[in-house]
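**Q** If you count the sequence shown from 1, position 120 lands on 120 in the UniProt record's numbering, and the numbers rise without skipping. Here a beta-carbon is modelled for each residue, glycine too, at the ideal position from N, C-alpha and C.
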Amino acid sequence: MDSMEVEVIHTPPDSDINDPREVTGASTAAARMAKASPAFQATGEEPQTLPRLTTLVNPDEGVTELMVAARRGDEEVVMALIDEQACQVDARGRTALMYAAEMGRSSVVELLKDHEAGIQDSFMWTALFYAAQNGHLVCASMLAPLEAKIQRKDGCTALFLAVFWNHVECARVLAPLEAGITTNYKHWQGGEYTALMEAARWARLECIELLVEQESGMKDASGNRAIDYARAPYAHVPEDRRKQSIQLLEQYERD
């Protein structure tokens with residue numbers, strides 16, 4: 001049986017690199033971006049390639065007809081298969097709901113959410129994580145009441161992904177539900193790291209404005225605040241944006 005097409009995990013928008021500590025000289029794009037990818041942050045391992053537009057059922061990978069239909073947005077087929085195939089997972093622990101959320105298939109998410117919401121894959125991501133990662137606001141809004149506050153193995157929530165990928169509107173939906181939740185020691189930045197710190201590290205000005213009142217003053221396990229990360233952002237962050245993020249945070253976190 002033919003294998004599925006795959007695609008590597010891409011960098012967030014407006015970035016050239018993710019992490020000054022990234023692997024250099026690696027043979028694949030996935031390896032080059034490993035240290036800053038969400039998959040690495042979840043597992044500490046090089047990210048796996050993720051299924052692209054799945055066009056065929058692959059029992060060896062656990063891909064079901066329902067998953068294929070969900071990713072395509074085929075409501076009729078999804079409705080026909082829900083009773084038989086809901087809650088099945090592929091080789092990475094992903095459900096049909098996750099496939100739909102990743103692609104922004106909101107009508108399919110509506111059909112599947114009451115059957116599969118709350119399930120976590122092998123990275124401990126829920127469907128909400130996939131919606132937030134890809135900026136699918138409608139899907140994120142539908143899933144947030146059911147899956148908010150669920151954490152990956154490193155403590156991150158879907159809010160961290162919305163900030164990481166600079167999906168401000170998704171972050172706006174998630175902040176009232178998930179602000180204040182921090183990472184644990186398994187996170188590559190260490191424990192007690194906040195979404196505001198992530199926003200500060202990237203100089204994500206809109207995300208900083210969104211989170212600063214709820215998370216300012218919090219310290220990570222090393223004693224750093226968001227303003228400390230703003231002062232030492234990722235190398236590619238423009239100087240003018242770095243200054244703006246510091247100015248925003250100084251209103252709340254003066255020395």
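Alpha carbons only, please: which of Met142, Lys186 and Val163 is nearest the one belonging to Lys153?
**A** Of the candidates Met142, Lys186 and Val163, the one whose C-alpha sits nearest the C-alpha of Lys153 is Lys186.
**Q** In or out: Arg94 buried (at least 16 other Cβ within 10 Å) or exposed?
**A** The residue in question, Arg94, is buried, as its Cβ has 16 or more Cβ neighbours within 10 Å.
**Q** Checking 8 angstroms against the spacing of the C-beta atoms, do Gly73 and Ser122 come in under that value?
**A** No; because the gap between Cβ atoms is not below 8 angstroms, this pair is not in contact.
**Q** With DSSP as the reference, identify every bridge partner of Val63, one or two as the case may be.
**A** In the DSSP output, where bridge partners are listed per residue, Val63 has Asn58.
**Q** With distances taken between CB atoms, is the gap from Leu97 to Ala69 smaller than 8 angstroms?
**A** Not a contact, by the Cβ cut-off of 8 angstroms.
**Q** Using only the alpha-carbon positions, how far apart do Tyr229 and Tyr130 sit?
**A** If I take the Cα positions, the gap works out to 26 angstroms.
**Q** So what's Arg149 in DSSP terms, helix, strand or just coil?
**A** First, the residue type needs correcting, since residue 149 is Lys and not Arg in the sequence shown. Lys149: coil per DSSP, three-state reduction.
**Q** Comparing alpha-carbon positions, which option in Leu111, Asp90, Ala179 and Ala199 lies nearest His167?
**A** It is Ala199 whose Cα lies nearest to the Cα of His167.
**Q** Between the alpha carbons of Met67 and Gln85, how many angstroms are there, rounded?
**A** Spanning the two alpha carbons is a distance of roughly 9 angstroms.
**Q** Give the DSSP-derived three-state secondary structure of His115 in the structure shown.
**A** His115 falls in the helix class under three-state DSSP.
**Q** Is the CB-CB distance between Leu146 and Gly118 below 8 angstroms?
**A** Result yes, Cβ atoms of Leu146 and Gly118 sit closer than 8 angstroms.
**Q** Would you tell me roughly how many angstroms separate the C-alpha atoms of Tyr252 and Ser216, rounded to the nearest one?
**A** Approximately 6 angstroms, taken between the alpha carbons.
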